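Written out below as structure tokens is the structure these notes cover.
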Amino acid sequence: MALPIVAANSPIRVQLEADKTYHWCRCGRSRSQPFCDGSHHGTGITPLAFTAKETGEAWLCRCKQTHNAPHCDGTHKRVPDEAVGKEFTL
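Counting from 1, position 52 in the sequence shown corresponds to residue 53 in my numbering; the numbering is continuous, with no gaps.
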């Protein structure tokens with residue numbers, strides 16, 4: 002199985018709709034970050050399906066190291082800038 006690619010060293014603010022299901026990219030290869038576009042095929046990494054509990058803003062992880070997926074937990078602060086665009090794990 003491949004390691005996730007760090008898509009960015011910061012979270013992204015998104016607008017979510019209550020009761021809508023989203024697919025968060027876990028592999029880091031999607032060009033539609035932070036959401037899945039199918040680029041994970043062949044990596045052994047699958048997206049995380051989640052349903053928004055309420056309508057509003059959310060900060061979603063793009064470093065792929067969060068312990069609160071799909072939400073940012075600040076772990077990106079420990080990811081070196083050199084890791085962006087590369088396979089990486091803490």
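All C-beta atoms in this analysis are idealised placements derived from N, C-alpha and C, irrespective of residue type, glycine included. Since this is a predicted model, take the numbers as computed values, not measurements.
- A residue is called buried once 16 or more other Cβ atoms fall within 10 Å of its Cβ, and Lys65 is buried on that count.
- Around the beta-carbon of Leu49, fewer than 16 other beta-carbon atoms lie within 10 Å, marking it exposed.
- A distance below 8 Å separates the beta carbons of Ser40 and Cys28.
- Classified as exposed, Leu91 has fewer than 16 neighbouring CB atoms from the shown chains inside 10 Å of its CB.
- Under the DSSP definition of a beta bridge, Ala50 partners with His24.
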